[in-house]
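Just below is one structure, and these are the notes that go with it.
Residue numbers (the working numbering): 137 to 415.
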């Protein structure tokens, strides 16, 4: 069985507890926690007057047919778009399913967005990675700079968080250990899917983001990209070999759990149990 490197940070023990080779200062895949930052960028750009959350998508992506989908629909998973990009994944792509979803593939999908949607917007919530790819493209168009630059300007620098990257240096990355100690290859997620789940960060940076966004609220009310379950504001993230849960309660308790080679549902359960046990 492969090792399960684990890193835990909590409000009652903010110094990281790392096991089996994990480390709080190494860059790891954070998967869909990326959506928290994309949604925060949306609201910050709105505050700066660059767009409105209820703008139709085609206001910023003119090649997109009129669908009634707004930027807020995309951020809240109520766009009616499917979970995955529309082009079928070929068998040979299963080991790296997003590698072929580049800007050209996104442009093709945008041109037929009315046909890709599975229901009218606003009717029902359905988690959509593809929707966040579209949202990211709209933000890039509105800002006039690449995704990484707009994220730094509107989110990361105002929060004084720096250990977040699209392509961290190889010697700072921490990959899942495989058989015979060889590092497992991560998915390619720096293309069009990036705003949905392609960022890397250190666990300590995730903890800083969680505290500064969800508890201290340095950038205002939490963005609509967060999930809420009762008093718990949270988001998770999972790629093929990495899983993350970050959550904070209304009374200030918080937890970050990142694991490699672990079942993502088990990572979620572990983190939620930790939140309940914090005094």
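Backbone N, C-alpha and C fix where the C-beta goes; we use that ideal spot for every residue, glycine too. Just so you know, these numbers come straight off a predicted model, no measurement behind them.
- Sequence-distant Cβ neighbours of residue 254 in its own chain, meaning closer than 8 angstroms and more than five residues away, are 216, 217, 218, 262.
- Assignment of beta-bridge partners to residue 147 by DSSP yields no partner.
- Residue 355 sits in coil when the DSSP states are folded into three classes, being neither helix nor strand.
- Judged by DSSP in its simplified three-state form, residue 333 adopts helix.
- Around the Cβ of residue 272, a 10 Å sphere holds 16 or more other Cβ atoms; the residue is buried.
- Excluding five sequence positions before and after residue 156, the CB atoms of its chain that fall closer than 8 angstroms to its own CB belong to 139, 140, 141, 142, given in chain order.
- Residue 203 carries a coil assignment under DSSP once its states are collapsed to helix, strand and coil.
- Burial is judged here by how many other beta carbons sit within 10 angstroms of a residue's own beta carbon; residue 340 has at least 16 and is buried.
- In the three-state DSSP reduction, residue 363 falls in the strand class (E or B).
- Apart from the 5 residues on each side of it in sequence, residue 187 sits with its Cβ closer than 6 angstroms to the Cβ of 181, 278 in its chain, given in chain order.
- Going by C-alpha positions, residue 354 is about 15 angstroms away from residue 386.
- The beta carbon of residue 197 sits closer than 7 angstroms to the beta carbons of 246, 273, 274, 277 from its chain, once the five residues preceding and following it are set aside; these are given in chain order.
- Residue 242 has its alpha-carbon roughly 19 angstroms from the corresponding atom of residue 257.
- The beta carbon of residue 239 is closer than 6 angstroms to those of 328 in its chain, skipping five residues each way along the sequence.
- Under a 10 Å Cβ-count criterion, residue 147 is classified as buried, with 16 or more other Cβ atoms of the shown protein chains found around its own Cβ.
- For residue 348, there is no enclosing beta strand (DSSP E), as DSSP gives it neither H nor E.
- Leaving aside the five residues that flank residue 168 on each side, the residues in its chain whose CB is nearer than 6 angstroms to its CB run, in chain order, 333, 373.
- Inclusion of residue 297 and residue 330 in the CB contact set at 8 angstroms is not warranted, their separation being larger than that value.
- When DSSP states are grouped into helix, strand and coil, residue 316 belongs to the helix group.
- In the DSSP assignment, residue 372 is bridged to 381.
- The beta carbon of residue 299 is closer than 8 angstroms to those of 161, 163, 337, 338, 340, 341 in its chain, skipping five residues each way along the sequence.
- Residue 413 is classed as exposed because its beta carbon has fewer than 16 other beta carbons within 10 Å across all chains shown.
- Residue 183 sits in a helix when the DSSP states are folded into three classes.
- For residue 270, the enclosing alpha helix (DSSP H) stretches over residues 265-279.
- By the neighbour-count criterion, in which a residue is buried when 16 or more other Cβ atoms sit within 10 angstroms of its Cβ, residue 281 is exposed.
- Each of 379, 410, 388 was checked against the Cα of residue 397, and the nearest Cα belongs to 379.
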